[in-house]
Amino acid sequence: MPELPEVEAVRRSLIELVAGQRITDVTVGWPKIIKSPEQYEQFQDALKGQTIHDVDRKGKFLIFLLDDYCLVSHLRMEGNYSLHKQEDPVDKHTHVVFHFSDGMELRYRDVRKFGTMHLFAKGSEWTVPPLSKLGPEPFSDEFTLEYFKGKLSNTERVIKAVLLDQSIVTGLGNIYVDEVLFRSGIHPERKSRTLTDQEILILREQAASTLKESINAGGSSVNTYMNSHGQSGTYQNELKVYGRKDQECYRCGAAVQKIKVAGRGTHFCPNCQKIANY
DNA sequence: CTCTGGTCCTGTACGC
DNA sequence: TGCGTACAGGACCAGA
0 MPELPEVEAV RRSLIELVAG QRITDVTVGW PKIIKSPEQY EQFQDALKGQ
50 TIHDVDRKGK FLIFLLDDYC LVSHLRMEGN YSLHKQEDPV DKHTHVVFHF
100 SDGMELRYRD VRKFGTMHLF AKGSEWTVPP LSKLGPEPFS DEFTLEYFKG
150 KLSNTERVIK AVLLDQSIVT GLGNIYVDEV LFRSGIHPER KSRTLTDQEI
200 LILREQAAST LKESINAGGS SVNTYMNSHG QSGTYQNELK VYGRKDQECY
250 RCGAAVQKIK VAGRGTHFCP NCQKIANY
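Numbering (numbering that gives the first Met the number 0) for the first sequence: 0 to 277.
Next up, the structure:
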């Protein structure tokens, strides 16, 4: 559920909590979260003695930079980090704990257990999945009109499926794709190759502006999502179609519809986002 | 190539 | 009131 703006909110709050912290030990309560190294014991061993220097992000991935390693963390549906004292009671959904030399600990909590962590030797993280497969972020210089046009015209898929594909553009998830398509006046089931140059231009602008606005609002707090300080964002109040099934479209008053597209619940306004004629 | 459906998970919503 | 069941979803994988 956390998408780019929410992960950015987490990154900003997290860096204040962990920058400079030295890891003395790591507890792993659910080994499946650790995707690499294959043996989670190696994950634990490698991290002992490492200091966290910075927390970066690409798309929906958090990237912890350590002395010799790089920890790549994906929160998936509802993973979250928080700092605790050792003596604080441990929630039953806490699956990974990073113990620090000052006695505090960073806890990774994830009710669904869908989140992932990859540990790589520093510098190699961009050469292997998952980071190597990511396309540019919507507001990056690499996300040029030529690039976007090329990707959209090169496939028979519907636009929603293309926007969810992290290898084409990274950071959008189910919520923001619906919002961006609404703001662009484009039906989620339009074949991406039928989009006009003008529509592609608008889509690119709206993808960037929607995410930027949400970042500035601290992200959206749908389903009680919060950053690592326990603060919620406010962008959920700005959502125009997501979660508004059967409610009036803010723009035209028609009832917002919910259908399934690319296997996902999809909200759109049938009046503002017409598919006819294509 | 692309779509569908299963997988991983568990809390929540819903029907009876 | 309480129980069973369907559902949600990011990324990935197998099969059509």
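The beta-carbon is built from N, C-alpha and C at its ideal position, and this holds for glycine as well.
According to DSSP, residues forming a beta bridge with residue i
{"i": "K257", "result": "H266"}
{"i": "I33", "result": "M116"}
{"i": "I22", "result": "F99"}
{"i": "K190", "result": "V157"}
{"i": "T93", "result": "R108"}
{"i": "V27", "result": "V95"}
{"i": "T50", "result": "R21"}
{"i": "E247", "result": "A254"}
Run of the alpha helix (DSSP H) containing residue i, from where it starts to where it stops
{"i": "V9", "result": "L3 to V17"}
{"i": "S183", "result": "N173 to S183"}
{"i": "Y68", "result": "No alpha helix (DSSP H) holds Y68; the beta strand (DSSP E) holding it covers Y68 to H73."}
{"i": "I214", "result": "D196 to N215"}
{"i": "D44", "result": "Y39 to L46"}
{"i": "L151", "result": "L144 to S152"}
Span of the beta strand (DSSP E) around residue i
{"i": "F113", "result": "Here F113 belongs to no beta strand (DSSP E), and DSSP marks it neither H nor E."}
{"i": "D53", "result": "D53 to K57"}
{"i": "L64", "result": "F60 to L64"}
{"i": "G80", "result": "Per the sequence presented here, residue 80 reads as Tyr, with Gly not at that position. Its beta strand (DSSP E) spans residues N79 to K84."}
Cutoff 6 Å; reference residue i; Cβ partners in own chain excluding five residues on either side
{"i": "G262", "result": "none"}
{"i": "S12", "result": "N226, S227 and H228"}
{"i": "I22", "result": "L46, Q49 and F97"}
{"i": "S231", "result": "S220 and M225"}
{"i": "A160", "result": "A261"}
{"i": "V288", "result": "Since the first residue shown for the chain is 0 and the last is 277, residue 288 is missing from the structure and cannot be characterised."}
{"i": "F142", "result": "P135"}
{"i": "Q43", "result": "V25"}
{"i": "F113", "result": "R75 and M76"}
With 16 other Cβ atoms within 10 Å as the buried cut-off, status of residue i
{"i": "V127", "result": "exposed"}
{"i": "N215", "result": "exposed"}
{"i": "N79", "result": "buried"}
{"i": "E136", "result": "buried"}
{"i": "G218", "result": "buried"}
{"i": "K244", "result": "exposed"}
{"i": "C69", "result": "buried"}
{"i": "N173", "result": "buried"}
{"i": "T195", "result": "exposed"}
{"i": "Q246", "result": "exposed"}
{"i": "E7", "result": "buried"}
{"i": "E40", "result": "exposed"}
{"i": "C248", "result": "buried"}
{"i": "Q38", "result": "exposed"}
{"i": "K84", "result": "exposed"}
Selected residue, minimal CA-CA separation from residue i, among the options
{"i": "L144", "options": "M116, G102, A207 and C69", "result": "A207"}
{"i": "W29", "options": "Y107, G102, H52 and N236", "result": "Y107"}
{"i": "T294", "options": "W125, E178 and D24", "result": "It is not possible to answer for residue 294, since the shown part of the chain is limited to 0 through 277."}
{"i": "Y241", "options": "L194, L180 and I274", "result": "L180"}
{"i": "H73", "options": "E5, Q43 and C271", "result": "E5"}
{"i": "L210", "options": "Y146, K112, Q235 and E247", "result": "Q235"}
{"i": "P88", "options": "S100, T193, R75 and E104", "result": "E104"}
{"i": "L64", "options": "M0, L118 and L238", "result": "L118"}
{"i": "V9", "options": "S213, S183 and E204", "result": "S213"}
{"i": "D101", "options": "G58, L16 and T169", "result": "L16"}
{"i": "V176", "options": "G264, L61 and G149", "result": "G264"}
Beta-carbon proximity list for residue i, same chain, < 7 Å, skipping 5 on both sides
{"i": "W125", "result": "S131"}
{"i": "T154", "result": "V161, S191 and R192"}
{"i": "I201", "result": "S183"}
Cutoff 8 Å; reference residue i; Cβ partners in own chain excluding five residues on either side
{"i": "V157", "result": "P187, E188, R189, K190, S191, V260 and A261"}
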